[in-house]
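J.:
In UniProt numbering, the protein residues as written are 1 to 280.
1) Report the residue from 228, 187, 188, 248 whose alpha carbon sits nearest the alpha carbon of residue 217.
2) Considering only DSSP beta bridges, list what residue 103 is partnered with.
3) What does a CB cutoff of less than 8 Å around residue 70 pick up in its chain, not counting 5 residues either side in sequence?
4) Report yes or no: do the region 206 to 223 and the region 231 to 249 share at least 3 C-beta pairs separated by less than 8 Å?
5) Over the uninterrupted beta strand (DSSP E) stretch that includes residue 81, give me the two end residues.
6) Work out the CA separation of residue 38 and residue 7 for me, nearest whole Å.
7) Assign residue 42 to one of three DSSP states: helix, strand, or coil.
8) So which of 132, 191, 124, 199 has the shortest CA-CA distance to residue 114?
9) What does the alpha-carbon distance come out to for the pair residue 230 and residue 204?
10) With a floor of 4 residues, list each alpha helix (DSSP H) that falls wholly inside the region 168 to 246, ordered by position along the chain.
11) Alpha helix (DSSP H) containing residue 147: first to last residue?
12) Express the C-alpha separation of residue 238 and residue 91 in angstroms, rounding to a whole number.
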């Protein structure tokens with residue numbers, strides 16, 4: 001703890017920033033694991049009443065999420081135009097954002113993100129930003145979404161325990177909240193699937209359904225308990241159906257039905273308010 005305080009003090013004297021990962025590798029023999037340093041930092045920030053994600057003490061590690069659409073990000077180093085190509089979501093906590101978009105769609109995986117772009121998502125939904133956390137969302141991705149909290153936020157994730165857990169991470173944060181990170185919850189996040197209830201309208205081969213492993217069934221049980229406590233009936237019912245069926249399904253199963261199926265059959269209904277109306 002004293003060594004951590006000393007390192008933070010040194011950063012403030014030099015008026016510089018480092019990532020937590022940088023600090024860990026400087027004292028790897030002392031801390032052993034990253035989580036030991038993180039625990040010390042969180043405790044110190046709690047004592048000082050400071051948010052460890054604010055950028056005052058630490059530079060956030062580069063995020064792994066991506067964003068594309070009508071969004072311009074202004075920083076001291078220049079401007080990033082996300083309408084030209086997908087941009088890596090970095091630490092945008094001090095950036096100024098300008099967008100004409102009306103909503104955001106978050107997808108779970110890079111494969112889904114790229115598939116939607118290839119299917120013409122941006123032309124069909126020009127007023128929608130497309131974001132992927134490429135798995136479990138990092139702090140940088142959640143900071144960006146919080147800065148755009150005036151836009152409606154939807155999440156389309158796999159029909160499996162991990163998809164539900166990721167949806168809950170966006171909406172409620174992690175189970176064990178770090179001091180300051182609770183500010184990165186997204187209460188307006190709306191889960192729009194993939195739900196087991198809508199599967200009958202798609203022609204999906206039985207081989208696409210994979211059995212839930214023992215560890216996944218255990219995760220379903222834990223998530224059931226958490227959703228019940230939080231009062232999220234929609235996700236709880238989805239988890240119960242998943243447990244009863246004993247299998248899971250990835251979004252790729254829908255995208256493989258026909259060319260453009262994810263945009264045309266799955267999202268056109270869910271995001272109809274934001275879709276371009278075809279001229280007759």
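Glycine included, C-beta positions come from ideal geometry on N, C-alpha and C.
T.: On the basis of the coordinates in this document:
1) 248
2) 128, 152
3) 82, 83, 99, 100, 101, 126, 127, 129
4) yes
5) 78 to 81
6) 13 Å
7) helix
8) 132
9) 33 Å
10) 214 to 230, 233 to 245
11) Per DSSP, residue 147 is one residue of the alpha helix (DSSP H) stretching across 139 to 147.
12) 34 Å
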